[in-house]
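Trainee: Before I ask anything, let me first share the structure, which is written out below as structure tokens.
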Amino acid sequence: MAYSSKKTSFTPKSRQIGPQIRGTIPSLHNNLLLTSTGVPSIDSLVGCIPIGTILLLEEDKYQNYSQMIMKYFLSEGIECGHDIYFASGDVDVDTFVKQLPSAIPRKDVQENNSFSGNELKIAWRYEKNYDQTTFKKFSLGRNFDTTKAIPSEKLVKCNITTFDALDEHEKTKSCVFNQLFTKIKSKLTESGYTAIALERMPSKIMRIAISGMASPQWSAQNNQLSLIQFIYKLRYLLRSSLAVCLITVPTISWEDSSFISRMRHVCDTVIRLESFAASDKETNPLYKDFHGLIKIEKLPRLNSLVCRSHEDIRDLAFKLRKKKFSVEKLHLPPLDSEEPRVQNFCSSKPGGNKRIEF
């Protein structure tokens with residue numbers, strides 16, 4: 002018996018592939034484009050940065066580690082070919098850009114992270130167990146070498162725009178936040194990153210970095226309302242643009258907790274750094290292997306009713322090395338055998354009639 006095959010006009014619907022932008026990946030949860038913060042361990046915590054959002058980084062006491070994360074953020078953009086817009090009022094913008102760390106080749110990172118099965122001789126069964134000090138790895142992000150700066154020949158080829166808050170304030174004597182927003186908006190429109198000027202899908206995004214906002218150099222002490230309005234307008238502008246923004250704020254200089262809460266409310270993601278430098282925790286044996294604590298204050302809530310719970314990302318500490326910024330979970334250290342034993346107050350000398358002490 003012969004069977005005849007009939008051709009039909011039905012064709013299976015294939016999944017549409019979104020725009021391929023270098024340095025971004027689509028999210029599997031809310032269909033948003035994600036990009037790296039420049040620190041792979043922080044990407045694993047917050048799930049990278051969604052395009053069109055603001056990441057607020059509350060600086061540590063001496064701004065050493067917050068400025069390093071800012072450098073990682075900008076260096077990641079340069080490695081991906083993104084446009085850079087850097088604004089600052091507390092550091093020299095040109096010098097800061099020249100000191101950006103260079104990326105480590107991925108081959109060297111894989112060789113250093115390779116694990117040999119012969120390293121564990123006795124507890125060899127634990128090699129396959131889950132490592133609690135690490136988190137899920139993304140294909141984005143890379144490590145950087147803080148001892149080597151990006152070559153000047155490479156920086157010249159990048160589209161980098163800088164904004165010095167002190168110079169702009171001396172020139173115009175007007176609100177520096179309004180000037181910054183106007184220049185960011187015009188830069189996004191001219192480069193074709195906004196929805197209005199978006200004729201075709203570009204192959205890159207823009208990274209906006211604002212260092213030390215709300216510091217005295219920005220004259221923010223007398224312009225709290227202008228600062229909040231600036232972040233509101235910037236967030237509204239980024240929602241329809243192919244850009245991300247990282248803002249660092251020295252919250253330690255602010256005594257008004259309500260103002261800090263308002264800043265956290267208007268931003269999408271909030272991370273707080275707490276350094277051990279010049280504190281009692283610096284000599285605490287529990288923190289001897291770390292440089293500070295990192296706390297996730299807020300996660301983005303986009304295309305969803307609620308954000309992801311961050312109950313599982315508590316008790317986190319970070320340490321900075323020459324070639325890596327790592328975040329790990331805190332664990333109680335093992336008991337030190339050299340510590341003196343605790344005296345047992347419940348025991349008494351033989352023949353004595355002393356009362357039992359508790």
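In the working numbering, the protein residues as written are 2 to 359.
Glycine is no exception: its CB is placed at the ideal position from the N, C-alpha and C atoms.
Alpha carbon to alpha carbon, how far is Ala-150 from Gln-100? Give it in angstroms, no decimals.
Mentor: Residue mapping note: residue 100 aligns to position 99 of the sequence shown, counting from 1. Residue mapping note: residue 150 aligns to position 149 of the sequence shown, counting from 1. C-alpha separation (whole angstroms): 6 Å.
Trainee: Identify the residues that DSSP records as bridge partners of Glu-77: which are they?
Mentor: The residue labelled residue 77 in the question sits at position 76 within the sequence shown. DSSP output for Glu-77 lists no bridge partner at all.
Trainee: Since Thr-270 contacts Ile-70 with CB under 8 Å, what's their CB separation in whole angstroms?
Mentor: Here residue 270 is taken as the residue at index 269 of the sequence shown, counted from 1. Here residue 70 is taken as the residue at index 69 of the sequence shown, counted from 1. That belief does not hold up - the Cβ atoms of Thr-270 and Ile-70 are roughly 13 Å apart, past 8 Å.
Trainee: Provide the residue span of the alpha helix (DSSP H) that contains Pro-102, from first to last.
Mentor: Your numbering for residue 102 matches position 101 in the sequence shown. Going by DSSP, Pro-102 is part of no alpha helix (DSSP H) but of the beta strand (DSSP E) stretching over 102-104.
Trainee: Alpha carbon to alpha carbon, what distance is there between Asp-290 and Leu-300?
Mentor: Walking along the sequence shown from the start, residue 300 turns up at place 299. Walking along the sequence shown from the start, residue 290 turns up at place 289. Cα to Cα, Leu-300 sits roughly 27 Å from Asp-290.
Trainee: Apart from the five residues on each side of it in sequence, which residues of its chain come closer than 6 Å, Cβ to Cβ, to Leu-29?
Mentor: The sequence position of residue 29 within the sequence shown is 28, counting from 1. Excluding sequence neighbours, Leu-29 sits near nothing in its chain.
Trainee: Just how far apart, CA to CA, sit Cys-176 and His-170?
Mentor: One-based indexing of the sequence shown puts residue 176 at position 175. One-based indexing of the sequence shown puts residue 170 at position 169. C-alpha separation (whole angstroms): 7 Å.
Trainee: Based on the DSSP secondary-structure assignment, which residues constitute the bridge partners of Lys-186?
Mentor: Start at 1 with the first residue of the sequence shown, and residue 186 comes out as number 185. Answer is none; Lys-186 lacks a bridge partner.
Trainee: When the Cα of Leu-141 is compared with those of Ser-280, Leu-306, Ala-104, Leu-287, which residue comes out closest?
Mentor: Within the sequence shown, residue 141 is the residue found at index 140, counting from 1. The shortest Cα separation from Leu-141 among Ser-280, Leu-306, Ala-104, Leu-287 belongs to Ala-104.
Trainee: Determine, using beta carbons only, whether Gly-213 and Ser-76 come nearer to each other than 9 Å.
Mentor: For the purposes of this step, residue 213 is taken as residue 212 along the sequence shown, with counting starting at 1. For the purposes of this step, residue 76 is taken as residue 75 along the sequence shown, with counting starting at 1. Not closer than 9 Å, so no.
Trainee: Specify, as a first and last residue, the run of the alpha helix (DSSP H) that Arg-143 falls within.
Mentor: As a position in the sequence shown, residue 143 is number 142, starting the count at 1. Careful: Arg-143 lies outside any alpha helix (DSSP H) and carries neither H nor E.
Trainee: Roughly how many angstroms separate the alpha carbons of Leu-321 and Pro-106, rounded to a whole number?
Mentor: As a position in the sequence shown, residue 321 is number 320, starting the count at 1. As a position in the sequence shown, residue 106 is number 105, starting the count at 1. One C-alpha to the other measures close to 19 Å.
Trainee: Compare the beta carbon distance of Leu-235 and Ile-185 with 9 Å and say whether it is the shorter of the two.
Mentor: To locate residue 235, count along the sequence shown from 1; it is residue 234. To locate residue 185, count along the sequence shown from 1; it is residue 184. Yes, they are a contact pair.
Trainee: Once you ignore the five residues that flank Leu-239 on each side, which residues in its own chain have a CB closer than 7 Å to its CB?
Mentor: Taking the sequence shown and counting its residues from 1, one reaches residue 239 at position 238. Cβ neighbours of Leu-239 beyond the five flanking positions: Gly-53, Thr-54, Ile-55, Cys-246.
Trainee: Please say whether Glu-283 and Lys-296 have beta carbons closer to each other than 9 Å?
Mentor: Here the question's residue 296 lines up with position 295 in the sequence shown. Here the question's residue 283 lines up with position 282 in the sequence shown. Against a cut-off of 9 Å, the Cβ pair of Glu-283 and Lys-296 comes out as no contact.
Trainee: Taking the beta strand (DSSP E) that Ala-88 belongs to, which residues open and close that run?
Mentor: To locate residue 88, count along the sequence shown from 1; it is residue 87. Here the beta strand (DSSP E) through Ala-88 covers 84-89.
Trainee: Taking the alpha carbon of Cys-159 as the point to measure from, which residue in Pro-203, Tyr-86, Leu-303 has its own alpha carbon closest?
Mentor: In the sequence shown, residue 159 corresponds to position 158, counting from 1. Checking every option, the nearest Cα to that of Cys-159 belongs to Tyr-86.
Trainee: Hey, quick one: how far does the beta strand (DSSP E) through Arg-273 stretch, first residue to last?
Mentor: Position 272 of the sequence shown, counted from the start, is the residue given in the question as residue 273. For Arg-273, the enclosing beta strand (DSSP E) covers residues 270-276.
Trainee: For Asp-165, which three-state DSSP category applies?
Mentor: By 1-based counting over the sequence shown, the position of residue 165 is 164. The answer is strand: DSSP assigns Asp-165 an E or B state.
Trainee: For Arg-302, which option in Val-47, Lys-62, Ser-242 has the closest C-alpha, if you only look at C-alpha atoms?
Mentor: Within the sequence shown, the letter at position 301 stands for residue 302. Ranking Val-47, Lys-62, Ser-242 by Cα distance to Arg-302 puts Val-47 first.
Trainee: Just tell me which of Val-157, Cys-81, Asn-65, Glu-60 has its CA closest to the CA of Val-98.
Mentor: Reading the sequence shown from its first residue, position 97 is the one you call residue 98. Per the C-alpha coordinates, the member of Val-157, Cys-81, Asn-65, Glu-60 positioned closest to Val-98 is Val-157.
Trainee: Mind checking which residues open and close the alpha helix (DSSP H) that includes Pro-27?
Mentor: Within the sequence shown, numbered from 1, the residue matching residue 27 stands at position 26. Careful: Pro-27 lies outside any alpha helix (DSSP H), inside the beta strand (DSSP E) at 25-27.
Trainee: What does the alpha-carbon distance come out to for the pair Thr-25 and Ser-37?
Mentor: Position 24 of the sequence shown holds residue 25. Position 36 of the sequence shown holds residue 37. Cα-Cα distance, rounded: 7 Å.
Trainee: Taking just the CA atoms, how far does Tyr-194 sit from Leu-58?
Mentor: For this step, residue 58 is matched to residue 57 along the sequence shown. For this step, residue 194 is matched to residue 193 along the sequence shown. Cα to Cα, Leu-58 sits roughly 24 Å from Tyr-194.
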